[in-house]
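Quick note: to get UniProt numbering, add 1 to the position in the sequence shown (first position is 1). Taking it in order: structure first as structure tokens, then the write-up.
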Amino acid sequence: PNQSSPHVSVPLRAAVAALPAYVPGARPSGRAWKLSSNENPFPPPAAVVSAITEAAGEVNRYPDMFATELVEALATHVGVAPEQIVVGNGSVSVLQHVLEAVVEPGDKVVFPWRSFEAYPIVTAVAGGTPVTVPVTADGRLDLPAMAAAVGPRTRAVLVCTPNNPTGPVVHAGELEEFLASLPGDVLVVVDEAYLEFVRDPEAPDGMDVLGRHANVVLVRTLSKASGLAGLRVGYAVAAPRLAAGIRSASTPFGVNHLAQRAALATLQAPVQAELAEHVEALVGERTRVHDALRAQGWDVPATHANFVWLATRERTGELAAQAAAAGVLVRPFADEGMRVSIGEVAANDAFLELAAGWR
Ligand code: PMP
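Now the structure itself:
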């Protein structure tokens, strides 16, 4: 801090002052495999890079405020009306706006824990009170316990499937039962950040769920399977009236021009085909890493995302530091375990070699 800066007497909101810092994935210094942020290790397809390069010369102008073309393309992509799509600066910002659209001060927001670290933060910033429900020993969401945690002040429930950082998905039947048990005025956000990596036939079809429950909002991202993490594009799919509310709560010009053009290029059929090949390769690597870890004797939860969860418990800090020293960056959660992204084949090999040595 600057020693000469004057004393600040402006109080922060108590909920904001109490927030834990958002811990970013480690940044590699020098040569290291970055398996800490669930990124796509494949660089974007050439057509996407060209779209960004072409758009670069136009950034003296504001972007399309409503991202009209992108919203239309996403609507076609998922098979809904454009009125049902809201885009934002990454799905974390979409999540923030979803909660800001519905949460009144003191309302409760129920979510699983451990789950995506942004949930307590976006809840508190929206003025809500977090109610956390532990995941099961095998890393699955405990939907009956989450339903039991819903009370008269509950305004929203967050369902993360696949769950970050543990990996399992909820099943269609249990989600249906869960939704049927909730009052219709409780918003249910289904966070499908890792949707494209799911290979469980019992996983719910988000669009089908949305069609049957008007209180559901799907949140999706182009950061993971689509490989645009650095440009920040996420979106919500919701009933038109809810979507309009989320849009009202959103930051104007929330998706920048380069991001809009890149996302549009990403949705073109040939690029989708190329991305689908990358996803298939990553799913193959996921199976290989998961099976190898189990063969080493680790109790790894079933994963349908682009990461695995290793329950390293009280050794987590020490082992994550060892991994970093060996050039493999993972995401440690102190005394619980580490989340390790599926990356390049050589990166996965480097991690598997470390994990074998830790048994
Ligand atoms: N939801 C989940 C479950 C995530 O794991 C992440 C990224 N770590 C996000 C949302 C946010 O992704 P983005 O803001 O890049 O769209």
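Here a beta-carbon is modelled for each residue, glycine too, at the ideal position from N, C-alpha and C. Keep in mind the model is a prediction, meaning the values are calculated, not measured.
| Three-state secondary structure assigned by DSSP to F334 | In the structure shown, F334 adopts extended strand secondary structure according to DSSP, grouped into three states.
| said: With distance defined between alpha-carbon atoms, name the residue in G91, T77, A293 nearest to E193. | reply: Nearest of G91, T77, A293 to E193, Cα basis: G91.
| field | Inter-stretch contact (C-beta, 8 angstroms, three-pair minimum) for the region 32–51 and the region 321–331 | value | Contact between the region 32–51 and the region 321–331 is present, because at least three Cβ pairs lie under 8 angstroms.
| request: Would you please state the rounded distance, in angstroms, between the beta carbons of V272 and V49? I believe it to be under 8 angstroms. | output: Indeed they touch by this definition, with Cβ atoms about 6 angstroms apart.
| query | Just how far apart, CA to CA, sit D143 and G174? | reply | Their Cα atoms are separated by approximately 13 angstroms.
| query | Is V81 near V238, with beta carbons less than 8 angstroms apart? | reply | Cβ atoms of V81 and V238: closer than 8 angstroms.
| Rounded straight-line distance, which links the Cα of R314 to that of W359 | The alpha-carbon atoms of W359 and R314 are separated by roughly 12 angstroms.
| task | Could you name the residues whose beta carbon sits closer than 6 angstroms to any heavy atom belonging to the ligand PMP, keeping them in chain order? | result | Those residues, listed in chain order, are N39, G91, S92, V93, F117, C161, N165, D192, A194, T222, S224, A230, G235.
| query | Under the three-state reduction of DSSP, which class applies to P83: helix, strand or coil? | reply | P83 falls in the helix class under three-state DSSP.
| query | Quick one: what's residue 1 bridged to in DSSP? | reply | As shown, the chain starts at 2 and ends at 360. That puts residue 1 outside it, with no answer to give.
| Between V72, H214, E319, which lies nearest to E178 when the distance is taken from Cα to Cα? | Of the candidates V72, H214, E319, the residue whose Cα lies closest to the Cα of E178 is H214.
| query | If you draw a straight line from the alpha carbon of N349 to that of V309, how long is it in whole angstroms? | reply | Roughly 11 angstroms between the two C-alpha positions.
| request: Pair every Cβ in the region 101–112 with every Cβ in the region 254–272, then say whether three or more of these pairs are closer than 8 angstroms. | output: No, because fewer than three Cβ pairs between the region 101–112 and the region 254–272 fall closer than 8 angstroms, the two stretches do not touch.
| said: Taking the beta carbon of T137 as the centre, do at least 16 other beta carbons fall within 10 Å, making it buried, or is it exposed? | reply: With fewer than 16 other Cβ atoms within 10 Å, it is exposed.
| Unbroken beta strand (DSSP E) run spanning R156, endpoints | R156 -> beta strand (DSSP E) spans 155–161.
| query | If you run the structure through DSSP and keep just helix, strand and coil, what is D192? | reply | In the three-state scheme derived from DSSP, where H, G and I count as helix and E and B as strand, D192 is classed as strand.
| query | Among the residues of its own chain, which have a CB less than 8 angstroms from the CB of V104, if the five just before and after it don't count? | reply | The answer, listed in chain order, is V110, T124, A127, G128, G129, R156, A157.
| field | Reference H279, options R332, A230, E197, D201, closest by Cα | value | For H279, the closest alpha carbon among the candidates R332, A230, E197, D201 is that of E197.
| Helix, strand or coil: which one does DSSP assign to F352? | The three-state secondary structure of F352, taken from DSSP, is helix.
| message | Measuring alpha carbon to alpha carbon, tell me which residue in A335, H305, A357 is nearest E319. | response | Cα-wise, what sits closest to E319 is A335.
| query | Any idea if H8 is buried or exposed, counting beta-carbon neighbours within 10 angstroms, 16 or more meaning buried? | reply | The residue is exposed, with fewer than 16 neighbouring Cβ atoms inside 10 Å.
| task | Sort out for me which residues DSSP pairs Y236 with in a bridge. | result | Beta-bridge pairing links Y236 to V88, R221.
| query | F308 bridges to which residues according to DSSP? | reply | Per DSSP, S342.
| To the nearest angstrom, how far is it from the Cα of E55 to the Cα of S10? | Computed Cα separation, rounded: 47 angstroms.
| task | Report yes or no: do three or more beta-carbon pairs, one from the region 218–228 and one from the region 10–22, lie closer than 8 angstroms? | result | In short, these stretches do not touch, since the Cβ pair count stays below three.
| Taking the alpha carbon of A312 as the point to measure from, which residue in F117, A150, G89, T167 has its own alpha carbon closest? | Minimum Cα distance to A312 is reached at T167.
| task | May I ask which residues mark the beginning and end of the alpha helix (DSSP H) holding E197? | result | Per DSSP, E197 lies in no alpha helix (DSSP H) segment and is marked neither H nor E.
| message | Quick check: what's the CA-CA separation for V69 versus A47? | response | Checking the sequence, you will find Thr at residue 69 rather than Val. Rounded to the nearest whole angstrom, the C-alpha separation of T69 and A47 is 24 angstroms.
| Boundaries of the alpha helix (DSSP H) in which H291 is found, first to last residue | Note, H291: alpha helix (DSSP H), 270–296.
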